[in-house]
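Below: the structure, in structure tokens.
Number of protein chains: 2
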Amino acid sequence: MGKRKGSGRATITDVAEHAGVGAITVSRMMRDPSKVSEKLRIRIEKSIKELQYIPDPKARALASGRADVIGVLIPSLSNIIFADTLRAIHDSTQNTPYQVLIGNTRYDAQEENHLLSLFLAQNPAALIVVGIDQSDNSINLLKEANIPVVQIYEIGPDPIDMSVGLSHIAASETMVEHLLNQGFCKIGYLAARLDPRMERRLEAYRTKLNSLEIFEPKRVVLTNKASSVNIGRKLMRQLIDCAPDTDAVICANDDIALGALFECLAQGISVPEQMGIIGFNDLEMMQAAYPSLTSIRTDRYKIGTLAVDKILQRLNGDETDQKQIDTGFELIQRDSTSRR
Amino acid sequence: MGKRKGSGRATITDVAEHAGVGAITVSRMMRDPSKVSEKLRIRIEKSIKELQYIPDPKARALASGRADVIGVLIPSLSNIIFADTLRAIHDSTQNTPYQVLIGNTRYDAQEENHLLSLFLAQNPAALIVVGIDQSDNSINLLKEANIPVVQIYEIGPDPIDMSVGLSHIAASETMVEHLLNQGFCKIGYLAARLDPRMERRLEAYRTKLNSLEIFEPKRVVLTNKASSVNIGRKLMRQLIDCAPDTDAVICANDDIALGALFECLAQGISVPEQMGIIGFNDLEMMQAAYPSLTSIRTDRYKIGTLAVDKILQRLNGDETDQKQIDTGFELIQRDSTSRR
DNA sequence: TGACAATATGGTAGCGCTACCATATTGTCA
DNA sequence: TGACAATATGGTAGCGCTACCATATTGTCA
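Residue numbers (this note's numbering), protein chains in the order written: chain E, -9 to 330; chain D, -9 to 330.
What follows is the structure, encoded as structure tokens:
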């Protein structure tokens, strides 16, 4: 008798003995049934069912040197934006052998680097990271890992491997242009704690307004606190106090936009007549708000789906021609900015 | 030379050789430094640093028969409610060796059962599941697994092992009583696709109103679609059409409550004068809304924290006296129901 | 029909750890 | 100082798979 107690569950050896075949044949049959004759296939399948055999992924990973794991590093677990993409990633891996492992970087490059080391120690099949602002250290780890890597949400000039996202600069410019087209000209900006993508949008707004010589620093209201609807209200209140002639606000995201709307409602400021409001992400609530809120729609579910698609393609050996996918964005115009 | 290529990274054997000790001593030192003399400890630590050694969790798990993994099965990835708890679980496991593995059951008992089998094949250290309505099959798997199991969000009469949550029946009764106390008496109910906890709350509302002989079926508006702010608007519209004399609504969650508020704003129905609105969960936006929205605060972060605490206690060998924790709830009264 | 290729199956060793046991070293007490 | 316990360290085998190679079986063609 062995001196080491196993898990108690059936192993591949049990199945092999039960079916009267070699263990390796069972292994083959599980990974690619076409490599085993029909006769044995049926016998093995029967044994698997009878013994309720479920392969042990960690033994598999140890033996093959590759875990059927896709690591995902996201900056926040309680941000619905990332949750939408996570859902897509889970959905897309649903009928594959791949398991999703989530790491929360808390918007911290060092934490990202640390998690990356931990994840790589598990030989993941692929990795998904958010944004294009990884530390040099992380970039090296990712490149040396020699596995498919997808950067999501933003596309930039020099992807580590593949990327799926959009240009936040272009999106920001579109927001400004839309407001100008609607006749707004004293355009403010509300933003809470900035992530790199928000920073890029804010910067693009500044650049754009500067180029038109209509940029006024007093209309930019920032805080270091995390985004929230309440913060949106506070920022709006502050803006109205400091620059009461402001006629529209670009909000760093939809939560802030909703807060801005509530503050206008509370102060009796009519939207869009006295104040235009535009958000970013187009959360579902933007359409339901009254007045409904204009926003930039970003297809976060699609980003996750495409990221996994790219990864699976590569893992299946298909070289991708397209290393960078621009998922674009769409300005959804609603009441909150419709003046004409 | 070995015929099998390793990962390329340093292994425990490399560290052992480098430090001039046995591999098992390195293993010991990593898991419990106090079991190794200071002399060797320092030497091994130096070697670990120089070789940048990171232990391979899957090899560790295979050898020890137990993975440092806490499995979490949640019904939805894009529901902020679960995200809050997930964040707590991640935060609480941050400085432990445990990794969090998330499964998305999509509110489907069969999928839950399937994921459970897959998770158990990995010998997780513990499991967290949502609610108390697991299938018999799942309950058996969980009991046979012989590991700490925590059911979260709801507490019931017969926990599988441990549970951390609240009584949704009591919460619902509190909502009804609050509305009655505020002078509302024609109380409606708006709900989208029901999960078991929502069902329990709806049922408690029915029972309560029936016992007071003021229950009227026409005031209950339901749909099979998923909860959303837009659905909240639609349900409210429907309620106003079918039962225009309704003077307050209990909403299955905050999204629906926010939608109900917007519909009232759109129709010029004053809140709370003509219509009281109460939500459930107390999302951050409830406070920021105008008028602000009454809701039941549930401490979702704390639920996650306590669940992990209980698990870590048990994994450390401390038997818990308290197998069931009632995290309670708090009715946060705001403008939307404040009549007096 | 024989030579060879293609296909199907299996044995062995090894992935990187730790459980289990053995042994060497140190400390404690009469 | 000797006997024994406590402490520190190490060797070996095994966790449950699969890579790699070997061999048996079948098919194909001149």
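Think of the CB as a built atom: it goes at the ideal place given N, C-alpha and C, for glycine as much as any other residue.
As the structure is a computational prediction, the values presented were derived from the model and not from experiment.
According to the Cβ coordinates, are Ile145 (chain D) and Asp316 (chain D) closer than 8 Å? yes
If you compare alpha carbons, which of E:Tyr179, E:Cys241, E:Leu105 and E:Arg329 is closest to Ile286 (chain E)? Of the candidates E:Tyr179, E:Cys241, E:Leu105 and E:Arg329, the one whose C-alpha sits nearest the C-alpha of Ile286 (chain E) is E:Cys241.
Tell me the rounded alpha-carbon separation between Ile246 (chain E) and Lys292 (chain D). 26 Å
Measure from the alpha carbon of Lys48 (chain E) to the alpha carbon of each residue in E:Ala116, E:Lys300 and E:Gln112, then state which is nearest. If you compare the alpha carbons of E:Ala116, E:Lys300 and E:Gln112 with that of Lys48 (chain E), the shortest gap goes to E:Gln112.
Just verifying my parser: in three-state terms, what is the DSSP assignment at Ala115 (chain E)? coil
Positions along the stretch 143 to 176 of chain E whose CB lies within less than 8 Å of some CB in chain D: none
What are the uninterrupted segments assigned as alpha helix (DSSP H) that are 4 or more residues long and contained completely in the stretch 170 to 247 of chain D, given in chain order? Fully enclosed alpha helix (DSSP H) runs of no fewer than 4 residues occupy 186 to 201 and 219 to 232 of the stretch 170 to 247 of chain D, in order along the chain.
Suppose the cutoff is 8 Å on Cβ atoms and the five residues either side in sequence are ignored; what does the same chain contact list for Pro281 (chain E) look like? Leu251, Val261, Pro262, Arg324, Asp325 and Ser326
Just to confirm the assignment, what range does the alpha helix (DSSP H) spanning Asn103 (chain E) have? First-last of the alpha helix (DSSP H) with Asn103 (chain E): Ala99 to Leu110.
Grab the span of the alpha helix (DSSP H) containing Ile301 (chain E) for me, first residue to last. Here the alpha helix (DSSP H) through Ile301 (chain E) covers Arg290 to Leu305.
Gln257 (chain E), DSSP secondary structure in three states: helix
Mind checking who Leu63 (chain E) pairs with in its DSSP beta bridge? Under DSSP, Leu63 (chain E) shares a beta bridge with E:Gly93 and E:Val119.
With 8 Å set as the bound, which would you pick, yes or no: does the beta-carbon of Gln112 (chain D) sit closer than that to a beta-carbon of chain E? Closer than 8 Å to some Cβ of chain E, the Cβ of Gln112 (chain D) qualifies, so yes.
Is there at least one Cβ from chain E nearer than 8 Å to Lys333 (chain D)'s Cβ? The first residue shown for chain D is -9 and the last is 330, placing residue 333 (chain D) beyond what the model contains.
Cβ-Cβ distance between Leu132 (chain D) and Leu117 (chain D) below 8 Å: yes
Ala250 (chain D) versus chain E: which residues are under 9 Å apart at the beta carbon? Going along chain E, no residue has its Cβ under 9 Å from Ala250 (chain D), so there is no contact; the nearest lies around 10 Å.
Contact under 8 Å by Cβ, Ala135 (chain E) with Asp58 (chain E): At a Cβ-Cβ threshold of 8 Å, Ala135 (chain E) and Asp58 (chain E) do not count as neighbours.
Within 8 Å, strictly: CB atoms of Thr295 (chain E) and Ser82 (chain E): yes
If we define contact as Cβ-Cβ less than 8 Å, is Tyr280 (chain D) a contact residue for chain E? yes
Under three-state DSSP, which class holds Leu321 (chain D)? Here DSSP, grouped into helix, strand and coil, assigns Leu321 (chain D) to strand.
Count Cβ pairs between the stretch 160 to 178 of chain D and the stretch 193 to 213 of chain D that sit closer than 8 Å; are there 3 or more? yes
Show which residues of chain D have a CB atom less than 7 Å away from the CB atom of Ser(-3) (chain E). Gly55 and Asn113
Comparing the C-beta of Glu44 (chain D) with each C-beta of chain E, is any distance below 8 Å? Correcting the residue type first, residue 44 (chain D) is Ile in the shown sequence and not Glu. True, the Cβ-Cβ gap to chain E drops below 8 Å.
State yes or no: is the C-beta of Gly269 (chain E) within less than 8 Å of the C-beta of Asn243 (chain E)? Judged by their CB atoms, Gly269 (chain E) and Asn243 (chain E) are nearer to each other than the 8 Å cut-off.
Pull up the CB-CB distance for Gly12 (chain D) and Ala6 (chain D), whole angstroms please, since I reckon it's below 8 Å. 6 Å
Run through DSSP, which three-state label would Leu41 (chain E) get? DSSP places Leu41 (chain E) in the helix class (H, G or I) of the three-state scheme.
At a Cβ cut of 8 Å, what residues of the stretch 210 to 243 of chain E count as close to chain D, listed as they run along the chain? Answer in chain order: Ser218, Val219, Asn220, Gly222 and Arg223.
Out of E:Ser107, E:Lys25, E:Asn103 and E:Val139, state which residue places its alpha-carbon closest to the alpha-carbon of Ser125 (chain E). E:Asn103
When you compare the CB positions of Ile60 (chain D) and Val120 (chain D), do they come within less than 8 Å of one another, or not? no
Using beta-carbon positions only, say whether Lys313 (chain D) and Pro149 (chain D) come within less than 8 Å of one another. yes
Could you tell me whether any Cβ in chain E is nearer than 8 Å to the Cβ of Met(-9) (chain D)? Confidence at Met(-9) (chain D) is low in this model, with a pLDDT of 37, below 50, so its placement is unreliable and no value can be given for it.
Relative to chain E, which residues along the stretch 55 to 87 of chain D have a C-beta separation below 7 Å, given in chain order? Gly55, Ala57, Leu67, Ser68, Ile70, Ala73, Asp74, Leu76, Arg77 and His80
Name the chain E residues that come within less than 7 Å of Glu274 (chain D), Cβ to Cβ? Simply Ser218, Val219 and Asn220.
Return yes when the Cβ of Leu180 (chain D) is within less than 8 Å of the Cβ of Met226 (chain D), no when it is not. yes
Could you check where the alpha helix (DSSP H) with Thr86 (chain D) kicks off and where it finishes? Counting along the chain, Thr86 (chain D) falls outside any alpha helix (DSSP H), and DSSP gives it neither H nor E.
Test: Ile92 (chain D) CB closer than 8 Å to a CB of chain E: It does; some Cβ of chain E falls within 8 Å.
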